[in-house]
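What follows is a short report on a single structure.
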Ligand code: PAF
């Protein structure tokens, strides 16, 4: 695996990979890698793409400076994991490389960007759009791989790529879970032992949503989630919504033809965890 830190070197290496034939697959990450990230690398390699991963903790997508400061970083271990997974190139730029000038671009995602994560993390998706467009421009991949855990991010990136006419296929990959159901996330390593024990309740709630959908009104499901999470002494609900999969519009009644996801954000102490499930009707 080749380690690269400048856009110029990256583009040279990608040109050389392209000259050998085959497609370029891109796995953007902020490091602190876990099996979820590695499943994206695996999906990329299984498609037969040359796999280019990036590790960059993007400051512009953090609306909370403490969250940015505490975000786990372990580049040495990340590189070992990527190498073992068969990744070909890892791009680890400095902040100055990605932002030689402050990025003043403003991206507009309409309603899709103003609900859920967009509502609770103002500016977050603008920062995501800033960095992914810079990375897409640098890598010029044929396909980019994103996890479905960040369900809203995936929807927004698909919209962005369509609107900006990037010749890039966005591949969404399934959530990878711990044996107790907790969705894998770099933030899980920040959980205290007791919060880690409580965290699987989040997925248990989503499974309960699945079993209740169709048998009781949405409002009752919302009340059930709110009371289950908030009655737990270590957890705090930020939001729970059942939304249309494609528009992210919140629904108050279930229409069987309408593909839906149930999305949740919960604070386990100071650590914010998100999860979602596709609702099967
Ligand atoms: O999902 C992430 O890890 C980040 O939001 C991404 C897409 C790498 C952009 O910084």
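In the working numbering, the protein residues as written are 1 to 281.
Even for Gly, the Cβ is constructed at its ideal location relative to N, Cα and C.
Contact between the stretch 111-125 and the stretch 41-51 is not established, with fewer than three Cβ pairs separated by less than 8 angstroms. Counting C-beta pairs closer than 8 angstroms gives fewer than three between the stretch 238-247 and the stretch 173-184, which falls short of the contact rule.
Residue 75 sits in a helix when the DSSP states are folded into three classes. In this structure, 51 is the residue among 162, 3, 51, 150 with its C-alpha nearest to the C-alpha of residue 18. Residue 74 is not a Cβ neighbour of residue 129, given a cutoff of 7 angstroms. Residue 23 sits close to residue 142, with the two beta carbons spaced by under 7 angstroms.
Residue pairing for residue 187: DSSP places it in no beta bridge. Note on the stretch 150-222: whole alpha helix (DSSP H) runs with a minimum of 4 residues are 151-163, 193-198, 201-212, in chain order.
Per DSSP, the unbroken beta strand (DSSP E) holding residue 237 starts and ends at 235-244. A direct Cα-to-Cα measurement between residue 57 and residue 194 gives close to 27 angstroms. A heavy atom of the ligand PAF is found nearer than 6 angstroms to the CB of residue 29. For residue 250, the three-state secondary structure derived from DSSP is strand.
Going by beta carbons, residue 235 and residue 265 fall outside the 7 angstroms limit. The beta carbon of residue 112 sits closer than 8 angstroms to the beta carbons of 118, 152, 155, 156, 159, 247, 248 from its chain, once the five residues preceding and following it are set aside; these are given in chain order. Beta-bridge pairing by DSSP links residue 261 to 243, 278.
Below 8 angstroms, too few C-beta pairs join the stretch 163-170 and the stretch 93-102 to call them touching: fewer than three.
For a cut-off of 8 angstroms, the C-beta gap from residue 204 to residue 277 is around 11 angstroms, too long to register as a contact.
A residue is called buried once 16 or more other Cβ atoms fall within 10 Å of its Cβ, and residue 134 is buried on that count. In summary, residue 255 is exposed, with fewer than 16 beta-carbon neighbours lying within 10 Å of its beta-carbon over all protein chains present.
For the options 61, 200, 86, the alpha carbon positioned closest to that of residue 43 is the one of 86. In this structure, 106 is the residue among 280, 106, 20 with its C-alpha nearest to the C-alpha of residue 127. Residue environment analysis places residue 268 among the buried positions, since at least 16 neighbouring C-beta atoms fall within 10 angstroms of its C-beta.
Residue state for residue 44 is assigned as helix, using DSSP reduced to three classes.
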